[in-house]
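What follows is one structure encoded as C-alpha cells, with my remarks underneath.
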Amino acid sequence: MKYIQITITIAVIAMTTLLTSCNDADPNVPSGDPEILSISPATAHIGDTVTITGNYLGFGVSSASVKIGNNSFVGLNECVSWQTNQIKFRVPDSASSGDVTVNFSFTSSNAVALKVIKYPPIEVVEIVGKAFKMGSNSNSVDEFPEHVVTITKTLEVGKHEITQRQYSNMMRRNPSLTADFRVPVYNVSWLNAVQFCNALSKAQNLDTAYRFVGENVLWNENSNGWRLPTEAEWEFLCRAGTEGDFAGTGVINEMCWISDNSGLKPHPAGSKSPNQFGLYDMHGNVWEWCWDWYLLDYYSTSPTNDPKGPDFGSRHVIRGGSYNDGASYARSSNRTIPEILSNNIGFRIVRTKN
C-alpha cells in the first residue's frame with residue numbers, strides 16, 4: 009500500500025505542476041467570481057506586456073483565458089505569469105481595441121477597456137534641415153569632392169535603427185540570422201525596408217511614400233509617410249553638426265559597434281553613445297539602407313539642395329558600417345554598396361514634416 013500511495017502522490021504533484029506552469033503562486037486558491045480591478049497600461053502596442061490585477065482570476069484552471077476585444081485570446085499557458093490576483097500577458101498580433109475579460113469554467117469577469125495600437129512604438133527626434141559639408145577630400149575617391157549641401161526640410165527621424173521587435177510586429181516575420189528583439193533587424197533587403205515604411209505609414213494613417221510600378225519603386229516626395237533617408241539626409245543626420253570622421257564624442261569605442269569591439273555580432277539598439285542630434289548607432293552596429301542608387305562620381309554633378317541620387321543604378325547605397333566591418337567603414341562620409349547577398353544590413357526611417 010505504501011508504494012501505491014507514493015505513486016498517487018507523485019501523479020498528483022505532476023498534474024498540479026502542469027496546470028500551474030505559468031505561475032508560481034500558492035495552489036491553495038480561494039474561489040469566487042473573477043473580478044478585474046485594474047489594467048496597466050490602458051493603451052498598449054502589439055507585443056507590449058499588460059498587467060491585470062484583481063480577485064479570483066482563475067489561477068490553475070487549465071481552461072482559463074484572457075479575452076481581448078472580439079476574437080483574441082491569451083490562454084493560461086501563453087501568459088507571462090498567471091496568479092490568483094495578477095495576470096501578465098503580451099498583446100498578441102491578433103488583438104484589437106476593446107473590452108478585456110478573464111474567463112474560465114463558463115464564468116467571465118467584468119470588462120475593462122484596453123486600447124491596442126497596431127503599429128510598434130518608435131522613438132523619434134525632430135531635426136531641422138540646414139547646410140552642411142558632405143563628402144571628404146582625403147578618403148575614398150567616391151567621397152570626392154567635399155561640397156556644401158543644404159537639407160531644406162524638417163525631418164522626423166528614428167532615434168534607433170529599426171529593431172527586430174518593431175520589424176516583426178509590423179511585417180509578421182524576422183529575417184535576422186539570430187533572433188533578439190532588442191537588436192536592430194538585419195539581413196533586410198532594400199525592398200524589405202521600403203515595404204516596412206509603407207506598412208507603418210498605413211498603420212499610422214499617413215500617406216505612403218512609395219508606389220510600386222512593376223519592378224520600379226517610385227517615391228512621392230510630397231508624402232508625409234515614413235521612408236528611407238536620402239544619402240545626403242543620412243550624412244547630415246550622422247554628422248549632426250560635426251565635420252570629423254565620427255560624431256558624438258568622436259571616440260570610436262564610445263560611438264559604434266565595429267569588428268574590433270563587437271564580437272562580430274550586432275548589439276541592442278542604443279547601447280552606445282548618441283550623436284549631437286540624439287541619434288544612436290549612426291556609426292556601426294548594422295549598415296543602413298539609403299534611398300539613392302550608387303554612382304561613384306555622383307558628387308561631381310549632384311544638386312546643392314536636397315540631392316536624391318542618380319535616376320538609375322544597379323545597387324542602392326548603404327551607410328554607417330557594421331559590427332562586421334572596420335572603423336573606416338563607419339566614418340560619416342563613407343559610401344558603400346552591398347555585396348549581392350549581405351546579411352549585416354538594416355535601416356533607419358525618416359519622414360518629412362514640411
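First residue of the sequence shown: 9, per the numbering used here; consecutive thereafter. Cβ atoms here follow ideal geometry from the backbone N, Cα and C, with glycine treated the same way.
Using the beta-carbon count (16 or more within 10 Å), is residue i buried or exposed?
| i | result |
| --- | --- |
| GLN284 | exposed |
| THR162 | exposed |
| VAL156 | exposed |
| ASN182 | buried |
| GLY292 | buried |
| VAL110 | buried |
| GLU241 | buried |
| LEU303 | buried |
| GLY68 | buried |
| LEU65 | buried |
| VAL149 | exposed |
| THR92 | buried |
| ASP32 | Any reading at ASP32 must be qualified, since the residue scores a pLDDT of 43, below 50, and its modelled position is unreliable; the value itself is stated next. Classification for ASP32: exposed. |
| LEU122 | buried |
| LYS361 | exposed |
| SER70 | exposed |
| SER113 | exposed |
Take residue i and list the residues in its own chain whose beta-carbon comes closer than 6 angstroms to its own, dropping the five residues that flank it on each side.
| i | result |
| --- | --- |
| SER102 | SER80 |
| THR59 | SER48, LYS96 |
| SER336 | none |
DSSP on residue i, reduced to helix/strand/coil?
| i | result |
| --- | --- |
| ASN224 | strand |
| LEU84 | helix |
| TRP242 | helix |
| TYR218 | strand |
| ILE260 | helix |
| ALA50 | coil |
What distance in whole Å lies between the Cβ atoms of residue j and residue i, which are believed to be in contact at a cut-off of 8 angstroms?
| i | j | result |
| --- | --- | --- |
| LEU185 | ASN195 | 6 angstroms |
| TRP297 | ALA201 | 5 angstroms |
| ASN235 | ALA217 | Before going further, note that residue 235 is Arg rather than Asn in the sequence given. ARG235 to ALA217, Cβ: 4 angstroms. Contact. |
| SER267 | TYR331 | 7 angstroms |
Just to confirm my understanding: we take residue i, look at its own chain, exclude 5 residues before and 5 after, and list those with CB closer than 7 angstroms. What are they?
| i | result |
| --- | --- |
| VAL136 | THR162 |
| LYS10 | Low local confidence applies: a pLDDT of 42 at LYS10 is under 50, so the model's placement there is unreliable, with the coordinate-based value given in what follows. For LYS10, where only same-chain residues beyond five positions count, there are no Cβ hits under 7 angstroms. |
| GLU43 | GLY62, ASN63, TYR64, SER117, ASN118 |
Cutting at 8 angstroms between CB atoms, please list the residues of its own chain near residue i, excluding the five before and the five after it.
| i | result |
| --- | --- |
| ARG343 | SER148, ASP150, GLU151, GLU239, TYR302, VAL325, ARG327 |
Does the Cβ of residue i lie closer than 7 angstroms to at least one heavy atom of the ligand FMN?
| i | result |
| --- | --- |
| THR312 | This structure lacks the ligand FMN, and indeed carries no ligand of any kind. |
**OP:** Scan the region 150-211 and note each continuous beta strand (DSSP E) run of 3 residues or more that stays entirely inside, going in chain order.
**Re:** Runs of the beta strand (DSSP E) inside the region 150-211: 155-158, 162-166.
Subject >> beta strand (DSSP E) segments (min. 3 residues) lying fully within the region 106-158 >> reply: You should have 106-112, 120-125, 132-136, 139-142, 155-158.
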